[in-house]
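Sequential numbering from 106 applies to the sequence shown in the numbering used here.
Beneath this line is the structure, given in structure tokens, with notes to follow.
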Amino acid sequence: MNDALKKDFEALVGKENVMESESDRFSYAYDAAVLDPVMPSVVVRPETREALGKVVKLCNDNGLPITVRGSGTNLSGGTIPSKGGVVILTNALNKILEINEADLYAVVEPGVITAKFAAEVAARGLFYPPDPGSQAVSTLGGNVAENAGGLRGLKYGVTKDYVMGVDFFDVDGEIVKSGSRTVKCVTGLNLAGLMVGSEGTLGVFEKIILKLTPPPLAAKAMMAVFDDVAKASETVAAIIAAKIVPATLEFMDNFTIRTVEDFAHAGLPVDAQALLLIEVDGHPGQVADEAEKVEAICKQQGALRIQVAKDAAERNKVWEARRAALSALARVSPTTVLEDATVPRSKIPAMMHALGDIATKYKLTIGTFGHAGDGNLHPTILTDRRNKEEWHRVEAAIDEIFDVALSLGGTLSGEHGIGMAKSKYMEKETSRATILYSRRLKKALDPKGILNPGKIIGE
Ligand SMILES: Cc1cc2nc3c(=O)[nH]c(=O)nc-3n(C[C@H](O)[C@H](O)[C@H](O)COP(=O)(O)OP(=O)(O)OC[C@H]3O[C@@H](n4cnc5c(N)ncnc54)[C@H](O)[C@@H]3O)c2cc1C
106 MNDALKKDFE ALVGKENVME SESDRFSYAY DAAVLDPVMP SVVVRPETRE ALGKVVKLCN
166 DNGLPITVRG SGTNLSGGTI PSKGGVVILT NALNKILEIN EADLYAVVEP GVITAKFAAE
226 VAARGLFYPP DPGSQAVSTL GGNVAENAGG LRGLKYGVTK DYVMGVDFFD VDGEIVKSGS
286 RTVKCVTGLN LAGLMVGSEG TLGVFEKIIL KLTPPPLAAK AMMAVFDDVA KASETVAAII
346 AAKIVPATLE FMDNFTIRTV EDFAHAGLPV DAQALLLIEV DGHPGQVADE AEKVEAICKQ
406 QGALRIQVAK DAAERNKVWE ARRAALSALA RVSPTTVLED ATVPRSKIPA MMHALGDIAT
466 KYKLTIGTFG HAGDGNLHPT ILTDRRNKEE WHRVEAAIDE IFDVALSLGG TLSGEHGIGM
526 AKSKYMEKET SRATILYSRR LKKALDPKGI LNPGKIIGE
């Protein structure tokens with residue numbers, strides 16, 4: 106970074122918001138994925154949306170790669186500045202600009218923290234359903250760029266289902282507007298749809314319009330305890346086959362249960378081979394009816410017992426324990442590789458079986474939990490990357506997990522995105538033409554290739 110350029114950045118965002126020390130740059134060289142860090146040349150932190158646009162333009166004028174960073178919690182290497190250049194932080198762009206109770210939408214800046222937004226919305230008697238496990242830290246901009254899912258995805262969908270519009274900067278720092286505040290809008294190309302899941306490769310969001318809904322009137326959470334993983338995974342398929350769509354239908358295997366209990370002390374049954382954590386919500390009558398049916402299905406499928414949360418405190422305790430799964434597993438070994446290969450729901454039993462075989466074949470510890478109702482499991486490999494021999498086995502196991510998921514009609518990623526971690530597998534799921542088409546699109550929108558280079562489709 107030469108002095109003149111540094112001064113240009115300082116003029117745009119203030120001296121205090123241009124960070125160049127080795128420790129600052131190292132802090133933004135990695136994210137939650139298990140990949141090698143890459144140092145950026147500089148880290149800048151615009152405090153206004155106007156400054157954000159000007160920083161994007163300055164980078165493009167000088168051919169500097171840009172990696173936009175929310176909270177850096179993505180699990181696919183999306184915020185590793187693989188070509189160095191400039192990391193742009195959005196954490197100062199954290200205003201909720203509008204919550205419209207009459208028209209059920211909100212307008213936010215990209216750096217708003219997800220849980221903070223959901224709480225503000227709830228305080229107005231409304232509901233923003235997408236709830237990634239990282240919601241206490243993740244940003245809405247990061248959620249939109251990754252099309253984040255969460256525990257409620259089964260019934261309520263994922264982030265894309267709540268994005269009504271996105272205003273974003275193109276590489277020239279011009280604002281492109283897409284979508285609207287209306288329920289229906291078919292004006293122009295669906296550029297907001299293109300931005301969702303684009304992982305910072307096509308534009309830099311400055312404002313997001315999100316859909317809100319009325320909250321469910323009642324909810325009931327329960328925990329079904331199994332002595333056999335196969336029985337639990339078959340129960341998931343049976344609940345869906347009975348045409349009941351719980352708000353949440355989560356799975357934990359024995360290793361995860363024990364590890365979480367050790368960490369969160371939530372009263373989980375450590376002797377269970379598998380748990381299903383289920384919540385039904387909606388109108389009180391419907392909730393009572395569905396809860397009864399779900400209980401009956403769990404019993405038919407061989408659940409040892411079913412514990413229904415007596416009150417909100419008990420219900421929260423269960424969900425907090427579930428949200429702690431990754432953090433708890435991460436305490437076990439130096440390296441935690443969390444995958445999110447996803448299969449059609451009816452294939453959950455086959456996927457669970459395959460994961461057991463893969464763990465045995467490669468002699469690895471794999472704890473599995475996740476959004477079973479969506480077919481979105483998180484097999485989590487606990488390892489030590491410094492052990493080269495073991496790491497080779499981990500890499501082979503990951504390849505095989507994706508192969509199995511694809512052979513079952515599944516997908517490489519249910520919610521964590523492709524980033525750098527999975528771009529090498531993209532052609533396996535899609536086609537050569539898909540990659541080339543996507544590259545032509547990227548080239549047209551970002552001729553110098555400065556926006557998060559190397560992510561999703563490689564180069
Ligand atoms: C403990 C834990 C639990 C998790 N649970 C879930 C889960 O349940 N569901 C799920 O889907 N994910 C989960 N994740 C993954 C992660 O939290 C999500 O991908 C989240 O959306 C990332 O948000 P972030 O603010 O950290 O974004 P970052 O990691 O900072 O960025 C993610 C991507 O968004 C881009 N980006 C950020 N801001 C902008 C912007 N303004 N304009 C354009 N691009 C932008 C970045 O360049 C990057 O490509 C979890 C992660 C952890 C560590």
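A virtual CB, placed ideally from N, CA and C, is assigned to each residue, including glycine.
For K282, the pairing in a beta bridge is given by DSSP as D272. Sorting P558, E564, A329 by C-alpha distance to the C-alpha of P145 places P558 at the top.
Scanning the region 179–236 from its first residue to its last, the whole beta strand (DSSP E) runs of 3-plus residues come out as 191–194, 201–205, 210–213. Checking the 7 Å criterion, the Cβ of A433 is out of range of every heavy atom belonging to ligand 1. DSSP places D358 within a strand segment (E or B) once states are collapsed to three. Of all C-beta pairs linking the region 191–205 to the region 532–542, fewer than three are shorter than 8 Å, placing the two stretches out of contact.
Judged by DSSP in its simplified three-state form, P170 adopts coil rather than helix or strand.
Under the three-pair Cβ rule at 8 Å, the region 279–296 does not count as touching the region 410–421.
Per DSSP, I345 lies in no beta strand (DSSP E) segment; the continuous alpha helix (DSSP H) that holds it begins and ends at 334–346. From the listed residues M525, E494, D376, E520, the smallest Cα separation to I185 is found for M525.
Distances from the alpha-carbon of E279 to those of T306, A250, L299, G158 put G158 closest. A distance criterion of 7 Å places the beta-carbon of T184 in contact range of ligand 1, judged by its closest non-hydrogen atom. Separation of the CB atoms of T364 and A433 is rounded to 5 Å, and the pair is thereby assigned contact status at 8 Å.
CA-to-CA, the gap between L256 and H476 works out to about 6 Å.
When DSSP states are grouped into helix, strand and coil, A371 belongs to the coil group. Short of 6 Å from the beta carbon of Y261, and not among the five residues preceding or following it, lie these beta carbons of its own chain, in chain order: P234. Ranking E125, I218, L110, D462 by CA distance to the CA of I313 puts I218 first. The alpha carbon of A377 has as its nearest neighbour, out of G390, I362, P552, A369, the alpha carbon of I362. Pairing F232 with V226, the inter-Cα distance amounts to about 6 Å. Under the three-state reduction of DSSP output, D386 falls in the strand class.
The beta carbon of A502 is closer than 8 Å to those of I463, A464, K466, Y467, L469, I471, I486 in its chain, skipping five residues each way along the sequence.
In the pairwise beta carbon analysis, the region 483–500 is classified as not touching the region 539–554: fewer than three pairs are separated by under 8 Å. The bridge partners DSSP lists for F474 are M357, H483. Contact between V301 and V375 does not hold, since their C-beta atoms are separated by about 40 Å, which reaches or exceeds 8 Å. Remark: C-beta atoms of A138 and S176 do not approach each other more closely than 8 Å. For R410, the secondary structure class from DSSP, reduced to helix, strand or coil, is strand. Looking at the DSSP output, F331 shares a beta bridge with A379. The shortest CA-to-CA distance from Y210 to any of T287, S528, V276, D166 is the one to T287. Ranking N252, H370, T195 by CA distance to the CA of L299 puts N252 first.
Between P552 and D141, the alpha-carbon positions lie close to 27 Å from each other. DSSP, read as helix, strand or coil, puts M124 in strand. Between D236 and A224, the gap from beta carbon to beta carbon reaches 8 Å or more. Residue pairing by DSSP places F310 opposite F273 in a beta bridge.
Scanning its chain for C-beta atoms nearer than 6 Å, with the 5 sequence neighbours on each side dropped, one finds around P321 the residues D386, G387, in chain order. Spatial neighbours of V509 in its own chain (CB-CB distance under 6 Å, excluding positions within 5 residues in sequence) are listed in chain order as A459.
The beta carbon of N248 sits closer than 7 Å to at least one heavy atom of ligand 1.
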